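K.L.:
Chains as they are written, first to last, in my numbering: chain C, 1 to 772; chain D, 773 to 1054. Virtual Cβ for every residue (Gly too), placed ideally from N, Cα, C. Being a predicted model, the structure only gives us computed values, none of them experimental. Supplied in structure tokens, the structure appears directly below.
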Amino acid sequence: MKYFLLFLCLTYSTIHAQKFTISGSIKDEESGEHLIGANIYNLGTNQGTAANNYGFFSLTLNGDSVRLRVSYIGYSPKTINFFLAQDTVINIGLSNSSLLEEVVVTGTIEDKIQESSRMGIMDIPIEQIKAMPAFMGETDVFKVLQLLPGVQSGSEGTSGLYVRGGGPDQNLILLDGVPVYNAAHLFGFLSVFNADAINHVELIKGGFPARYGGRLSSVIDINMKEGNLKKIKGEGSISLIASKLTLEGPIKKDKASFIISARRTYIDILARPFLKNAGDSEGDAGYYFYDLNSKINYRINERNRVYLSAYLGNDKAYSKYKETYDYDARSTESEDEAGLRWGNITTALRWNNIINKKLFSNITATYSRYRFDVFAKYNEKITEAGKPPVFEFYNSQYVSGIRDYALKMDFDFVPTPNHYIKFGAQGIQHLFTPGVFNYKSNEEADTTFGQKKTSANEFYLYAEDDFLITEKLKINAGLHASGFYVNSKFYSSLQPRISGRYLLHKNLSAKASYAHMTQFIHLLTNAGLGLPTDLWVPATENIGPEKSTLTSVGFAYYLNQKYELSLEGYYKKMKGLIEYQEGASFLDIEKDWQTKVATGVGQSYGSELLLQKKVGKFSGWLGYTLSWTYRKFDEVNNGKWFPYKYDRRHDTEIALSYKLKENKEFSVVWVYGTGTALSLPTSTYEGANGSVQYYEGRNEYRMRPYHRLDVSYTTKKKTKWGERSWSISVYNVYNRRNPFFMDIGSDRQGNKKFIQYSLFPVLPSIAYHFNF
Amino acid sequence: MRHILLIVIFICSACEMALEIDVPKEKPKLTLNSYFTTDSLWVARVTLSRYILEDDYNYADVKNAIVVIYQNNIALDTLEHDGYQSYVSKNNRPVNNGLYEIRVKAEGYESVSASSFIPFAVPIENVEVTGAENNYTVKVKFQERLGEENFYIIKAEMEETRIDNQTGQTYVGRSPIYLESDDPLFNEEGYYYDGFIFGDGLIADKAVSLVFKTSQFLPEDSKLIIYLRTLSSDLYKYQITYDLQQTTSGDPFAQPVSVYNNINKGYGIFAGYSEFTYVVNN
């Protein structure tokens, strides 16, 4: 008996000394969808981790009794108790709290802002995005991201993102890991992302982990839903300008699933009767966009899973006219068509492999293409009695775009709870078409001029470790090494990244980060109209890559177990930026783009405050940004520093939603921003052969401040077939005339005036949503 | 491209709202325009600038100004108003490479000043014209002045004896010859009226050989006159930016252009140039 007790004690102490790994995935219990970023914590030791972008987690603990707390925003947390005596694989399902009656989620204390080593990273729950007032009834992910501190919108109503003084080209927009080069529908008034097809949105504006690279200012990482593994589900909506429908379900239950989501506008259909009445000739003109998201997900076995996802979207604005007229014995029939089209295609084939309990791999092959073209066609047939018909034609097309093939390998290695190591590599083959004009007519042979297509190869390697050094000190340190080969020129870049937190108090931490970023591709963009005509071009032997360093410091405070408060200050230096020279225009397509641009430097600094409440009946955030952003180019503004167009001293956002009842929700958004900088001539004087307009300097003036209030009210009702809801939104409630652009015009008496043009007055809209 | 513009304007104008905005009014300033070269008397024009929103299209002449030319801070000449539009010197002419300053005072306005110089003329060594009717090649050779940054305008004229159809009398007339060139130097720079304006930034050798083509007919008894004007950097910058502002005016996609201005506390240009002409008898 004595020996037996001794054996038991030894066994017990051996088990205690040993470490075992708990690995698996965290899913939505109802749909089987992975919950990206869900937290898993051992309440006893306070050790924990989060599920990665593919829902996988690995947590190594001492052999002992464990109390695992699993949580995710919007879901009821779950606690699992067991004795850990061996490596364990568990797949955990969480219930969506909105499906449970009388459940009010009061907070997820494990997901503490002050404990994360990351800075400048925002996760926006997709339900919170959907709850915000929608412009013309269309939920827009980018318009919600614009409401975050450090992120500024472009012109009125547009979806462009200007992050910490960067341009829209400096955002790496990833859809299932594939870059999207132009995220604009409707000339930038809506983004291309259909909220119904999205599972998770993350914005990184500082403290960039080493796994990301290729852009200077931000990463917007969007993951599409995987498709319901349990049963067929559908949802859709009808708004004033577009309708969408999403279907998802199992191909084979718990093994394979699909999701397909489609959206189309009907602006062209609604406008057609008005256009028909307005014109005499037989003609048509209009605009539409559509997009399609689809994904297939197949679980080969417990360790292997493959996904195939695709996005296809197009915008088209067009005009068509047909005319016939007779003169004497001669009859002429003519057809005239012109328009512009732009769109993206992205495809990803992904293989997730759990190599072992501590090592996870993801291999992705991707294809991405953005194409813009303007076309004009004219056909004429002239018939005259006794003569053969005469045909005349004219075709022209201007094409620009970028196409990528890429292969990416990412590994997650979790050796101990104190280390989370990520490493990997990517290779991208780019093909740039920066503007080719093709012209053909009955009088002239096929003629092509403009820029040459250029191919380039880009690659990177990275390694990073999220390392808990002491209970108080945690850092995320890594290195991103990249290279770019174009026209026999090779550029390389070593980019150190580090961010960390130090716990000053259990609810308060100080944070700091440093990131060096390099961008090998540029966007040639005109003075802020944000048109799809903007051209993607590579770094060349003459125009080098863009580089930046970003340093941030801040504090994170978890207030009353309900509110997250963060204060961050940042300083960003940029070099290698490009801008059209004074007087340069993209209309001058015969000129090499490299001769039309100036290269220069930029700086941005400021501070951002965010007070956020993520869960509960009342949720939302208040953001404030105080910032300065400048640019300097030798050839622009006489080589002096000038304010960036979107230099905005004050930027304030309030986004709140309140659940009156489980099925009734009220949301309100108010934004305020310092007026956009612009160049205005103030005087005119006699020049050599005419008048000269005098500009004090580039972007010396400010438009009026921008502010706007939007509200929405959503009511849901259960039906026999599922649920339906009505959303009533009012955009710009108090009808603020916000500036879109300014120009010199005349008043009614013919006197010259500065005229500010605004786009959107108060705009009420209604949308009908359903799911089954 | 116009289609894009039309469609965008159509979409935007569908819901545009205009609002008048007050921008602080700027007081008129003195505007001084004066080009000078060794062959000419000093000439300067002084006018007033206008607030951008004024409807008057004329620039008021300032006739009561005191316009003085200085060299090494010593007054050389005081220009007098000619009763029409300009201030002129009676017999004073600038010289090569001299650095000059001009100071203008006028009651009620802030005084203005500027300085510039006349660069040395660069002689054309040779002009060779080959080809036949409507297809000529013109080769121009000159030696770059090393050790300094040079800016040029090159242009051509044809001089011929013509007969007045009404009187039957002969006279000598000149008309511009429009030159074309495939030289990459001119892709970087610009076309200037009837010639080219360029800097020597892309010229690698001291011996410069430029090749032009023209499709204009050069009669047998005519003369081809090549002008090589050497510009001060002030004049070059002014000319380039002035032309750019004029040509991009009205293009909503073009960046606004600030015209180079070397007048302290005022507007305009004070700049020197020199010119060399080479005559080829056809």
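Sort out for me which residues DSSP pairs C/Leu-473 with in a bridge.
P.N.:
On the first sequence, residue 473 of chain C is found 473 positions in, with the first residue counted as 1. C/Leu-473 is bridged to C/Tyr-502.
K.L.:
Assuming C/Ser-667 and C/Ala-131 are in contact, meaning their beta carbons sit under 8 Å apart, how far apart are those beta carbons, in whole angstroms?
P.N.:
In the first sequence, residue 667 of chain C corresponds to position 667, counting from 1. In the first sequence, residue 131 of chain C corresponds to position 131, counting from 1. Confirmed, about 5 Å.
K.L.:
Check the Cβ-Cβ distances between D/Gln-843 and every residue of chain C, and say whether any is below 8 Å.
P.N.:
Here residue 843 of chain D corresponds to residue number 71 of the second sequence, with the count starting at 1. So no, D/Gln-843 is outside the interface.
K.L.:
Closest Cβ-Cβ distance between D/Asn-805 and chain C: below 8 Å?
P.N.:
Locating residue 805 of chain D in the second sequence gives position 33, counting from the first residue. Yes, D/Asn-805 lies at the interface with chain C (some Cβ there is under 8 Å from its Cβ).
K.L.:
Could you check which residue in C/Ile-198, C/Ser-712, C/Thr-347 has the C-alpha nearest to that of C/Leu-763?
P.N.:
On the first sequence, residue 763 of chain C is found 763 positions in, with the first residue counted as 1. For the residues C/Ile-198, C/Ser-712, C/Thr-347, the minimum Cα distance to C/Leu-763 belongs to C/Ser-712.
K.L.:
Can you tell me which residues form a DSSP beta bridge with C/Thr-549?
P.N.:
By 1-based counting over the first sequence, the position of residue 549 of chain C is 549. C/His-516, C/Lys-573, per the DSSP bridge assignment.
K.L.:
Using the C-alpha atoms, what's the distance from C/Asp-373 back to C/Ser-808?
P.N.:
Given a span of 1 to 772 for chain C in the structure shown, any question on residue 808 of chain C remains unanswerable.
K.L.:
Give a yes or no on whether the C-beta atoms belonging to C/Tyr-346 and C/Val-180 are separated by under 8 Å.
P.N.:
Translated into positions along the first sequence, residue 346 of chain C becomes position 346. Translated into positions along the first sequence, residue 180 of chain C becomes position 180. It should be pointed out that residue 346 of chain C corresponds to Thr in this sequence rather than to Tyr. In contact: C/Thr-346 and C/Val-180 (Cβ atoms closer than 8 Å).
K.L.:
Could you tell me the distance, in whole angstroms, from the CA atom of C/Val-103 to the CA atom of C/Gly-227?
P.N.:
Within the first sequence, the letter at position 103 stands for residue 103 of chain C. Within the first sequence, the letter at position 227 stands for residue 227 of chain C. Unreliable placement is indicated for C/Val-103, whose pLDDT of 39 sits below 50; the coordinate value is still reported in the next sentence. Approximately 26 Å, taken between the alpha carbons.
K.L.:
Under a three-way DSSP split, which group does C/Gly-616 fall into?
P.N.:
On the first sequence, position 616 is the one that residue 616 of chain C refers to. C/Gly-616 falls in the coil class under three-state DSSP.
K.L.:
Identify, in the order they occur along the chain, each residue of the same chain with its Cβ nearer than 7 Å to the Cβ of D/Asn-1036, setting aside the five sequence neighbours on each side.
P.N.:
The residue given as residue 1036 of chain D occupies position 264 in the second sequence. Within the same chain, and ignoring the five residues on either side of D/Asn-1036 in sequence, the residues whose Cβ sits closer than 7 Å to its Cβ are Val-884, Ser-885, Ala-886.
K.L.:
Can you tell me whether C/Thr-719 is buried or exposed, with buried defined as 16 or more other CB within 10 angstroms of its CB?
P.N.:
Counting from one through the first sequence, the residue named residue 719 of chain C turns up at place 719. Classification of C/Thr-719: exposed, given that the 10 Å Cβ count is below 16.
K.L.:
Helix, strand or coil for C/Asn-379? Go by DSSP, reduced to three states.
P.N.:
What you label residue 379 of chain C is simply residue 379 of the first sequence in a count that begins at 1. Residue state, collapsed to three classes: strand.
K.L.:
Thinking C/Glu-686 and C/Val-636 are a contact (beta carbons under 8 Å), I'd like their distance in whole angstroms, please.
P.N.:
Start at 1 with the first residue of the first sequence, and residue 686 of chain C comes out as number 686. Start at 1 with the first residue of the first sequence, and residue 636 of chain C comes out as number 636. Going by Cβ atoms, the distance from C/Glu-686 to C/Val-636 rounds to 25 Å, so no, they are not a contact pair.
K.L.:
Can you tell me whether C/Val-784 is helix, strand or coil according to DSSP?
P.N.:
Because residue 784 of chain C is not part of the residues shown, which for chain C are 1 to 772, the question remains open.
K.L.:
With a CB to CB cut of under 7 Å and the five nearest residues on each side skipped, what residues in its chain are close to D/Thr-819?
P.N.:
Locating residue 819 of chain D in the second sequence gives position 47, where the first residue counts as 1. The answer, listed in chain order, is Thr-803, Tyr-831, Ala-832, Asp-833, Val-834.
K.L.:
At the level of alpha carbons, what is the spacing between C/Ala-183 and C/Tyr-162?
P.N.:
For this step, residue 183 of chain C is matched to residue 183 along the first sequence. For this step, residue 162 of chain C is matched to residue 162 along the first sequence. C/Ala-183 and C/Tyr-162 have their C-alpha atoms some 13 Å from each other.
K.L.:
Report the rounded CA-to-CA distance for D/Tyr-908 versus D/Ala-928, giving the unit in angstroms.
P.N.:
Reading the second sequence from its first residue, position 136 is the one you call residue 908 of chain D. Reading the second sequence from its first residue, position 156 is the one you call residue 928 of chain D. When rounded, the distance between both Cα atoms is 13 Å.
K.L.:
Using a Cβ cut-off of 8 Å, pull out every chain D residue sitting near C/Lys-613, in sequence order please.
P.N.:
Counting from one through the first sequence, the residue named residue 613 of chain C turns up at place 613. Within chain D, no residue comes near C/Lys-613; the closest Cβ sits about 35 Å away, beyond 8 Å.
K.L.:
Report the residue ranges of all beta strand (DSSP E) runs contained in full by the region 200 to 228 of chain C; include only those spanning at least 3 residues, in chain order.
P.N.:
218 to 224
K.L.:
I need the boundaries of the alpha helix (DSSP H) containing C/Tyr-646, first residue and last residue.
P.N.:
The residue given as residue 646 of chain C occupies position 646 in the first sequence. Here C/Tyr-646 belongs to no alpha helix (DSSP H), and DSSP marks it neither H nor E.
K.L.:
In this structure, how does DSSP classify C/Leu-778 when only helix, strand and coil are distinguished?
P.N.:
Any answer about residue 778 of chain C is impossible in this case: the structure gives chain C only from 1 up to 772.
K.L.:
Which value, in whole angstroms, describes the spacing of the CA atoms of C/Lys-753 and D/Leu-825?
P.N.:
Against the first sequence, residue 753 of chain C aligns to sequence position 753. Against the second sequence, residue 825 of chain D aligns to sequence position 53. Each residue's alpha carbon lies about 6 Å from the other.
K.L.:
Is the shortest distance between the beta-carbon of D/Gly-1040 and the beta-carbons of chain C less than 8 Å?
P.N.:
Position 268 of the second sequence, counted from the first residue, corresponds to residue 1040 of chain D. Yes, contact with chain C.
K.L.:
Would you report the Cα separation of C/His-707 and C/Tyr-439, rounded to the nearest angstrom?
P.N.:
Stepping through the first sequence from its first residue, residue 707 of chain C is reached at position 707. Stepping through the first sequence from its first residue, residue 439 of chain C is reached at position 439. The straight-line gap separating the alpha-carbon atoms of C/His-707 and C/Tyr-439 is approximately 46 Å.
K.L.:
Using a C-beta cutoff of 8 Å, does C/Gly-530 count as contacting chain D?
P.N.:
Along the first sequence, one-based indexing puts residue 530 of chain C at 530. Unreliable positioning characterises C/Gly-530 in this predicted model, as indicated by a pLDDT of 49, which lies under 50. A coordinate reading is not provided.
K.L.:
Among C/Ser-657, C/Asp-140, C/His-480, C/Tyr-420, which residue has its Cα nearest to the Cα of C/Val-201?
P.N.:
Looking up residue 201 of chain C in the first sequence gives position 201. Comparing Cα-Cα distances from C/Val-201 to each of C/Ser-657, C/Asp-140, C/His-480, C/Tyr-420, the minimum goes to C/Asp-140.
K.L.:
Select from the region 660 to 693 of chain C all residues with a C-beta closer than 7 Å to any C-beta belonging to chain D, and list them in chain order.
P.N.:
Ser-679, Leu-680, Pro-681, Thr-682, Ser-683, Thr-684, Tyr-685, Glu-686, Gly-687, Ala-688, Gly-690, Val-692, Gln-693
K.L.:
Is C/Phe-786 close to chain D? Criterion is C-beta to C-beta, closer than 8 Å.
P.N.:
Beyond the ends of chain C as shown, which are 1 and 772, falls residue 786 of chain C; an answer cannot be given.
K.L.:
Alpha carbon to alpha carbon, how far is C/Lys-664 from C/Lys-617? Give it in angstroms, no decimals.
P.N.:
Reading the first sequence from its first residue, position 617 is the one you call residue 617 of chain C. Reading the first sequence from its first residue, position 664 is the one you call residue 664 of chain C. Each residue's Cα considered, the two are about 11 Å apart.
K.L.:
Per DSSP, what kind of secondary structure is C/Tyr-287 in: helix, strand or coil?
P.N.:
On the first sequence, residue 287 of chain C is found 287 positions in, with the first residue counted as 1. The answer is strand: DSSP assigns C/Tyr-287 an E or B state.
K.L.:
Name the residues in the region 816 to 832 of chain D whose C-beta lies less than 7 Å from a C-beta of chain C; which are they?
P.N.:
Thr-819, Ser-821, Arg-822, Tyr-823, Ile-824, Leu-825, Asp-827, Tyr-831
K.L.:
Report the start-end ranges of each beta strand (DSSP E) in the region 979 to 1041 of chain D that is 3 residues or longer and not cut off at the edges.
P.N.:
979 to 986, 995 to 1003
K.L.:
Quick check: the Cα distance between C/Ile-222 and C/Glu-138, rounded to an integer number of angstroms?
P.N.:
Walking along the first sequence from the start, residue 222 of chain C turns up at place 222. Walking along the first sequence from the start, residue 138 of chain C turns up at place 138. So the alpha carbons of these two residues sit roughly 18 Å apart.
K.L.:
Report the three-state DSSP secondary structure of C/Ala-338 (helix, strand or coil).
P.N.:
Indexing the first sequence from 1 puts residue 338 of chain C at position 338. In this structure, C/Ala-338 counts as strand in the three-state DSSP scheme.
K.L.:
Is it true that the CB of C/Gly-167 sits closer than 8 Å to the CB of C/Thr-525?
P.N.:
Taking the first residue of the first sequence as 1, we reach residue 525 of chain C at position 525. Taking the first residue of the first sequence as 1, we reach residue 167 of chain C at position 167. Yes, the pair counts as a contact, with Cβ atoms nearer than the cut-off.
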